[in-house]
Amino acid sequence: DLKRVIIVDNSPASYAFHPDNAVPVQSWFDDQNDTELLEIIPLLERLASVDSVYTVLRNSNEPSPPPPPLNAMIGDVMTVAPNRS
Numbered sequence: 004d005l006k007r008v009i010i011v012d013n014s015p016a017s018y019a020f021h022p023d024n025a026v027p028v029q030s031w032f033d034d035q036n037d038t039e040l041l042e043i044i045p046l047l048e049r050l051a052s053v054d055s056v057y058t059v060l061r062n063s064n065e066p067s068p069p070p071p072p073l074n075a076m077i078g079d080v081m082t083v084a085p086n087r088s
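Using this note's numbering, you'd call the opening residue of the sequence shown number 4 and step up by one each time.
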C-alpha cells in the first residue's frame, strides 16, 4: 500500500514514478561527517505516526521545527547501536 511507503534517495530518477512518496536527500559518498540521515529523523518520526505518508510529504514545504542539537541525536544513536569494535 503506497500510502505507507517512502523512498529516501538522492536521485530523482529513483522516485520518478512515485514523487509523492519521495524524501529527497543529498549524496554523502565517503563523507564521515555527513549528517543527512540524522537531519531527516524528525520527518521520519512524523511519517511513522500517520496513516498516510501523503499527509506529511505533501505539506513538507512547510517549515519544520528545528532538530535537536546534533550531539544529542548522536548520543541517542550510540545508545541504541553501541560501537561493536
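We put the CB at the ideal spot given by N, CA and C, even for glycine. Computed from a prediction, not measured in an experiment: that's the story for all the values here.
{"Query": "CA nearest to the CA of SER63, picked from PRO22, SER17, THR38", "Result": "PRO22"}
{"Query": "Run of the alpha helix (DSSP H) containing PRO45, from where it starts to where it stops", "Result": "44–51"}
{"Query": "Alpha-carbon spacing of VAL2 relative to TRP31, whole angstroms", "Result": "Lying before the first or after the last residue shown, residue 2 is absent from the chain, which here runs from 4 to 88."}
{"Query": "Three-state secondary structure assigned by DSSP to ASP54", "Result": "coil"}
{"Query": "Nearest-angstrom Cα separation, counted from VAL26 out to VAL59", "Result": "11 Å"}
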